[in-house]
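Chains as they are written, first to last, in our numbering: chain R, 1 to 289; chain E, 290 to 625.
Here a beta-carbon is modelled for each residue, glycine too, at the ideal position from N, C-alpha and C.
Written out below as structure tokens is the structure these notes cover.
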């Protein structure tokens with residue numbers, strides 16, 4: 001029972017982490033290696049707001065934090081990526097460099113040690129089938145599920161969402177129909193970064209805000225996205241359940257240290273067996289020589 | 290209004306040196322050999338120049354070690370099209386292998402470094418093999434993950450000295466041997482790679498980068514070609530890692546640190562990708578800079594990344610290509 005409940009919680013947390021990365025890659029084909037950095041940044045911004053400005057309400061701080069991260073993401077595209085679009089090497093290096101710059105900058109700016117924590121939304125815990133689960137984890141599950149539904153509705157039934165999907169499926173045809181490719185890419189990076197921020201605010205109250213989280217979040221996101229198939233949102237969710245349960249099982253039977261090993265093994269095994277992932281939409285020929 | 294545009298014309302000297310006329314007079318010969326000779330002599334004389342400043346003599350070694358990793362990055366990314374975000378994988382593996390040979394099997398230093406270079410390169414090639422048949426971002430992702438994975442595994446299993454690392458590795462017997470043990474291989478690898486990419490197989494490498502389907506259609510096994518390339522690149526990286534481990538007499542988790550991944554990339558971008566000498570120049574700029582900024586802690590990585598991003602978006606050709614252009618061509622304003 002413990003495994004089941006914590007497995008579900010862990011899986012939803014993983015999929016929250018990776019949704020932003022998957023969304024950005026599926027729409028604009030940019031592997032946003034600054035994803036982990038944005039995750040940590042949001043946490044830090046909110047921490048600053050509620051600790052340095054006395055009386056700043058927590059819910060408002062959350063909204064501001066997510067908003068700022070979204071804007072940072074959009075700016076990364078508008079200022080940097082727009083100039084190097086389509087040059088794969090440069091895209092990877094630039095986003096990676098931005099991510100590392102943000103993370104190490106935060107570390108230099110004083111984000112060290114265990115003193116940075118965010119308050120949980122609802123304190124306390126509850127007993128579910130004999131397993132103690134704190135409310136924050138329940139919030140993660142509920143809001144996570146709500147996010148999936150919202151995203152599904154958003155990309156299937158709104159004008160902007162349809163435009164995003166159009167660009168993702170066939171950029172040229174979408175451009176002929178008057179959809180601005182750069183604008184949607186800016187939007188997708190903004191939304192993706194905001195999602196990273198959102199997930200960080202849900203998950204960071206469970207632990208400390210540390211710089212290393214930025215790197216591990218990036219790895220988890222990449223692991224989930226590759227296993228699920230780059231560019232497939234459905235695959236992202238399924239894969240996060242696979243990896244999430246695998247992690248909880250190793251945690252239970254081996255040791256916590258191996259969580260990262262599980263994620264990396266997932267990447268390597270997927271790449272060997274089926275590089276397009278579980279639900280990958282890309283053709284085999286496009287990615288394997 | 291009169292409009293002007295900038296015209297670039299090859300220098301007549303350059304045109305003359307392209308063919309057999311290159312050896313027609315001393316001027317042409319100097320034009321060709323001069324810069325290369327200056328470069329090689331400058332690097333060979335570096336330890337003597339820094340004789341006065343003992344601290345900076347160590348920096349010369351570090352500079353050359355980073356330059357070697359940078360050459361391997363440049364070779365992989367600009368000649369084979371494999372973006373390797375984890376130079377730290379190579380240095381870490383090389384460093385740990387040499388530490389194992391030297392400490393656990395007590396091989397002498399002149400045996401442990403070459404052995405570590407070879408076996409480390411073999412090991413790196415094997416672990417990178419799964420990502421090699423794939424195109425796109427997969428190789429970059431996997432190389433980014435491996436250094437992290439290995440440092441986590443060493444930390445978790447507490448093997449190979451755990452977080453303390455392996456200490457007491459044999460050092461170089463003499464400071465001059467220490468200098469030239471990295472300078473000479475660096476020059477060797479630099480010119481060997483330059484020669485190598487201009488051989489027939491270099492053409493295939495570039496074919497893999499530009500159009501792998503065409504290479505495949507020619508009946509060449511693309512994955513095998515990539516395996517060769519990764520092996521050569523990891524030779525350089527592992528040698529550099531093994532050297533650093535012997536220089537500091539210590540192999541620890543910091544050999545898998547981000548510095549070894551970021552600085553070579555930054556120096557390649559700044560020095561000019563695809564020139565192979567560019568990365569060397571880039572790391573000769575960046576590593577001393579990093580020593581000056583040592584007091585600033587992780588801020589130096591921030592500075593690197595910002596400089597790197599600015600170079601990518603504003604001056605993506607890099608210093609070396611800029612210099613080459615100035616050397617070979619002159620510019621003048623002409624009426625449109």
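Using three-state DSSP, classify residue 297 of chain E as helix, strand or coil. strand
Classify residue 346 of chain E: buried if its beta carbon has 16 or more other beta carbons within 10 angstroms, exposed otherwise. buried
Just to confirm, are residue 545 of chain E and residue 440 of chain E a CB contact at a threshold of 8 Å? yes
At 7 Å on the CB atoms, spell out the chain R contacts of residue 366 of chain E, in chain order. 89
Do you know offhand how far residue 115 of chain R's Cα is from residue 265 of chain R's? 32 Å
May I ask whether a heavy atom of the ligand MG can be found less than 7 Å away from the beta carbon of residue 44 of chain R? Among the components modelled here there is no ligand, and therefore nothing to report on the ligand MG.
By Cβ distance below 7 Å, which residues in the same chain neighbour residue 6 of chain R in space, the five residues on each side in sequence not counted? 248
Sort E:589, E:559, E:541 and E:605 by Cα distance to residue 356 of chain E and report the nearest one. E:559
Does the CB of residue 625 of chain E have a neighbour CB from chain R at under 8 Å? no
Indicate the three-state DSSP secondary structure (helix, strand or coil) for residue 514 of chain E in the structure shown. helix
Which listed residue (E:525, E:419 and E:610) has its alpha carbon closest to that of residue 513 of chain E: E:419
If contact means a Cβ-Cβ distance below 7 Å, which residues of the segment 171-183 of chain R contact chain E? none
Closest residue to residue 193 of chain R among R:251, R:217 and R:93 (Cα-Cα distance): R:217
Where does residue 624 of chain E sit, in a helix, a strand or coil, going by DSSP? strand
Assuming residue 228 of chain R and residue 278 of chain R make a contact with CB atoms under 8 Å, what is their CB distance in whole Å? 5 Å
For residue 296 of chain E, decide whether its Cβ has a neighbour in chain R, counting only Cβ atoms nearer than 8 Å. no
In this structure, how does DSSP classify residue 179 of chain R when only helix, strand and coil are distinguished? coil
Mapping DSSP to helix, strand and coil, what is residue 292 of chain E? coil
Cβ-based neighbour list, residue 609 of chain E, same chain, cut-off 7 Å, excluding 5 preceding and 5 following: 560, 561, 564, 566, 567 and 570
Within 10 angstroms of its Cβ, does residue 276 of chain R collect 16 or more other Cβ (buried), or is it exposed? buried
Could you tell me which of R:118, R:159, R:40 and R:183 sits nearest to residue 205 of chain R, measuring between CA atoms? R:118
Which value, in whole angstroms, describes the spacing of the CA atoms of residue 476 of chain E and residue 395 of chain E? 29 Å
By the three-class DSSP mapping on this structure, what secondary structure does residue 540 of chain E have? strand
On a CA-only basis, which of E:364, E:449 and E:374 is nearest residue 711 of chain E? Give me that one, please. Nothing can be reported for residue 711 of chain E: it is not among the residues displayed for chain E, which extend from 290 to 625.
Specify, as a first and last residue, the run of the beta strand (DSSP E) that residue 232 of chain R falls within. No beta strand (DSSP E) holds residue 232 of chain R; DSSP gives it neither H nor E.
Chain R partners of residue 513 of chain E, CB-CB under 7 Å? The premise fails here: residue 513 of chain E is roughly 11 Å from chain R at the closest Cβ pair, so nothing lies under 7 Å.
Here's the rule I'm using: 16 or more other beta-carbon atoms within 10 Å means buried, otherwise exposed. How should residue 622 of chain E be labelled? exposed
Residue nearest to residue 555 of chain E in terms of C-alpha spacing, selected from E:534, E:536, E:589 and E:530: E:589
From E:294, E:298 and E:292, residue whose alpha carbon lies closest to that of residue 618 of chain E: E:298
With a threshold of 8 Å between beta-carbons, can residue 257 of chain R be considered close to chain E, or not? yes
Need the endpoints of the alpha helix (DSSP H) that residue 27 of chain R sits in, please. 2-28
If we ignore side chains and look at the alpha-carbon of each, how far apart do residue 580 of chain E and residue 351 of chain E end up? 10 Å
Among the residues of its own chain, which have a CB less than 8 Å from the CB of residue 177 of chain R, if the five just before and after it don't count? 166
Does the beta-carbon distance from residue 188 of chain R to residue 149 of chain R come in below 8 Å? no
Could you tell me which chain R residues have their CB closer than 8 Å to the CB of residue 611 of chain E, listed as they occur along the chain? The premise fails here: residue 611 of chain E is roughly 17 Å from chain R at the closest Cβ pair, so nothing lies under 8 Å.
In angstroms, rounded to a whole number, what distance separates the CA positions of residue 333 of chain E and residue 22 of chain R? 50 Å
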